[in-house]
Amino acid sequence: MEKETNSNKQEKNFEAAFARLEEILEKMNSGAVSLDESLLLYEEADRLIASCTQRLNDAERRIEVLIKNRQGDLSLDPNQNPKVQNFSDSGNGNSTTKLMSP
Numbered sequence: 039m040e041k042e043t044n045s046n047k048q049e050k051n052f053e054a055a056f057a058r059l060e061e062i063l064e065k066m067n068s069g070a071v072s073l074d075e076s077l078l079l080y081e082e083a084d085r086l087i088a089s090c091t092q093r094l095n096d097a098e099r100r101i102e103v104l105i106k107n108r109q110g111d112l113s114l115d116p117n118q119n120p121k122v123q124n125f126s127d128s129g130n131g132n133s134t135t136k137l138m139s140p
């Protein structure tokens, strides 16, 4: 049996979370759930949205690193992994990613 890589697990986790969000949306739109159940579903959806958003931001950051690698602007750490910074809010609502200096 082949071992799953970390990125494969994250992709499956993202897909599972997204599928669960769709299930929640269908259930809530059906009108067949109580107020209490709706609140629980809403809270679960909020957690799933935050998780999916973080995974999408991480994927975007990795893509930007790969693009910068093609342009020759990549800085590597001692383990030969790309040096990156997490997305940061610049105060204007836009998120940016910058490579750290070597």
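Going by the numbering used here, the sequence shown opens with residue 39, and the numbers climb by one from there.
Using N, Cα and C, we set each Cβ at its ideal position, and we do this for glycine too.
Three-state class that DSSP yields for residue i in the structure shown
i, result
"I118", "The question names Ile, but residue 118 in the sequence shown is Gln. Coil, per DSSP."
"A151", "Past the boundaries of the shown model lies residue 151; the chain is included only from 39 to 140, so the question cannot be answered."
Beta carbon of residue i nearer than 8 angstroms to that of residue j
i, j, result
"L86", "R58", "yes"
"M66", "L78", "no"
"S89", "A55", "yes"
For residue j and residue i, believed in contact at Cβ under 8 angstroms, the rounded distance
i, j, result
"A83", "I101", "Not quite, the Cβ-Cβ distance comes to about 26 angstroms (not below 8 angstroms), so this is no contact."
Problem - beta strand (DSSP E) runs contained entirely in the segment 78–103, provided each spans 3 or more residues - result: none
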